[in-house]
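Participant: Numbering-wise (my numbering), the sequence shown opens with residue 6 and increments by one.
Quick one: the structure is below, questions incoming.
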Amino acid sequence: MAAEIKSRAGGLHLWRNARLATMAEGAPGLGIAERGAVVARDGLITYAGPEADLPAALAQGAD
Numbered sequence: 006m007a008a009e010i011k012s013r014a015g016g017l018h019l020w021r022n023a024r025l026a027t028m029a030e031g032a033p034g035l036g037i038a039e040r041g042a043v044v045a046r047d048g049l050i051t052y053a054g055p056e057a058d059l060p061a062a063l064a065q066g067a068d
């Protein structure tokens, strides 16, 4: 289950430990990425991918 962390400003949302479905071009079928992260700012997704690759600026902005 993903855990949501909201920023104090309210415009930035971070979900960690998410299971993400991938649709990579050239890859057959649907892939699953465990331990993913999703960041949304003002209603738009700005990052979706492995939590290990989450840019530090996005992670710090949401904590």
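For every residue, glycine included, the Cβ atom is placed at its ideal position computed from N, Cα and C.
On the three-state DSSP scale, how would you describe Glu30?
Facilitator: If you number the sequence shown from 1, residue 30 lands on position 25. Coil.
Participant: Taking only three categories from DSSP, how would you classify Leu63?
Facilitator: As a first step, residue 63 is located in the sequence shown; it is residue number 58 there, counting from the start. Leu63: helix per DSSP, three-state reduction.
Participant: Identify the residues that DSSP records as bridge partners of Gly36: which are they?
Facilitator: Along the sequence shown, read from residue 1 onward, the residue named residue 36 stands at position 31. The partner list for Gly36 (beta bridge, DSSP) reads Thr27.
Participant: Measure the Cβ-Cβ separation of Glu39 and Arg21 and say whether it is below 8 Å.
Facilitator: Counting from 1 along the sequence shown, the entry for residue 39 is found at position 34. Counting from 1 along the sequence shown, the entry for residue 21 is found at position 16. Not a contact, by the Cβ cut-off of 8 Å.
Participant: Looking at the unbroken beta strand (DSSP E) that takes in Gly16, where does it start and where does it end?
Facilitator: Taking the first residue of the sequence shown as position 1, residue 16 is located at position 11. Counting along the chain, Gly16 falls outside any beta strand (DSSP E), and DSSP gives it neither H nor E.
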